[in-house]
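One structure is given below, encoded as structure tokens.
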Amino acid sequence: MWDQLLIDVQAATAVPTADGFGLIPEAAIAIAGDRIAWVGSVKDLPAEPSTLAKAIHRGGGRLVTPGLIDCHTHLIFGGERSLEFDLRAQGVDYATIAAQGGGIRSTVRLTRELSAQALAEIALPRARALLADGVTTIEVKSGYGLDTASELKMLEAARLVGLALDVSIEPTLLALHALPRERADDRSGYVDEVIQELLPAVAERQLARAVDVFCEHIAFTVPECARVLQAARQLGLHVKVHADQLTDGGGAALAAQFGALSADHLEFTSTAGVQALAASGTVAVLLPGAFLMLGETRRPPIAALRAAGVPMAIATDLNPGSSPLNSLTLAITLARAQFGLTASEGFLGVTAHAARALGLSDRGQLGAGLRADLALWNVNHPRELGYWLGKPNCHSVWRGGRAIA
Ligand code: NIG
Ligand code: FE
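-8 is the number of the first residue of the sequence shown in the working numbering; add one for each residue after it.
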């Protein structure tokens, strides 16, 4: 006998079918422990529902999807940078603000001042807002510490959020984000320290599953990033790259070269970069919040990615500088409106493909054996998840078979 059985729902399983969503109109989902035990059409159940499980839940005809996955966030940070948004409105661009001491380095100052507990405390409302929007897994990057102790502190804060809230936190060490002010004259020494001190410290304590780098003219060069990615791979960590956001710096090709789980942003990625991603099986993570808030005009090469069969994921990139976007469903709508993704691409981008961008094979779809992370929605069709702008459609959220929101 199953523990729980959810009926009176329409399911979008994110398992590819001709409709693009894996729809099951009159679905039943059985749960055993924290896993899905069975998914199918209610008429294919082996017996009368009430005889099959200890608890029967009725979804009132709602849509059920996998719990959504936000596969790129900078959830942990001190302060905010609304003043910079105002400066950009007056014509000062992101790179200029960074060069003048604003940007990432200003968040670094505010983040270094706070304890792990304090950082977790101010991140909690942001994590709760994601959760209320159907998100059950949040990737969280460090990268506002820029010295070993402060980076470890950020990863500890991410862990504390996971303990305080019923949500899966997937920590990523953003090892190269910006050159800290105190190391302005010592680029190679800083990269050496990241490789010799920070990476081993994180690997030894198992504080992150992946290492990320910001490969961009205002951040780090391809050779600098390559050194760090190489070291990360040697430590057995996954890698990811912030690639080609502001210029075509060869970031996508770099990601592919190291078998990265994902290459993120990609506005300026060339055809060769797209081919490289396709060959390495790297997921393209689209970040429409940063595109919108930085007033970008150059779109990621969606048609080329699609034609090459590169899986596309969508994430909030939640951060105080380029993307203060605290809703993953809004991110889907923005990706669809700005980049022309189909409804199915939008849905897979926060479910199956987002799981792949994190190297997680136990979630992102509704299927037997996968985690029972579910979201129920007050909508008629999964298309609507990437249609409304800021309308709260999420009815309830389950994580590991337990109702959590
Ligand atoms: O993903 N591109 C680099 N990092 C962030 C921005 C961080 C910031 O501006 O504070 C991003 O957009
Ligand atoms: Fe980012």
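Ideal placement from N, C-alpha and C gives every residue a C-beta, glycine not left out.
A Cβ-Cβ contact shorter than 8 Å links I27 with L357.
For N310, the distance from the CB to the nearest heavy atom of the ligand NIG is below 7 Å. Straight through space, the alpha carbons of V131 and V30 are spaced by roughly 30 Å. Every beta strand (DSSP E) stretch that sits fully inside the region 113 to 164 and reaches 3 residues is listed by chain position as 126 to 132. The alpha-carbon of L228 is positioned some 42 Å away from that of D(-1). Secondary structure at Q91: coil, using DSSP grouped into helix, strand and coil. Pairing H63 with L278 gives a Cβ-Cβ distance under 8 Å. In this structure L43 is in contact with L(-4), their Cβ atoms being roughly 6 Å apart against a cut-off of 8 Å.
In this structure, the CA atom of E104 is about 21 Å from the CA atom of V193. Distances taken from the Cβ of H233 to the heavy atoms of the ligand NIG include one shorter than 7 Å. Judged by DSSP in its simplified three-state form, P57 adopts strand. Not one heavy atom of the ligand NIG is found less than 7 Å from the C-beta of F249. Across the structure, I15 and A2 are spaced so that their CA atoms are roughly 5 Å apart. A straight-line Cα-Cα distance of about 38 Å links K45 and T307. The closest CA to that of L101, considering only V83, Q108 and G70, is found on G70. Within the same chain, and ignoring the five residues on either side of N310 in sequence, the residues whose Cβ sits closer than 6 Å to its Cβ are H65. Collapsing the DSSP output to three states places Q(-5) in a strand.
Under the DSSP assignment, G31 falls in the beta strand (DSSP E) whose first and last residues are R26 to S32. For H372, the closest alpha carbon among the candidates W(-7), G11, F330 and M(-8) is that of G11. The C-beta separation of V388 from L121 comes to about 10 Å, leaving the pair out of contact by the 8 Å criterion. Contact between the region 339 to 358 and the region 131 to 141 is absent: fewer than 3 CB-CB pairs across the two stretches fall below 8 Å. Between the region 249 to 264 and the region 275 to 289 there are three or more inter-stretch CB-CB distances shorter than 8 Å, so the stretches are counted as touching.
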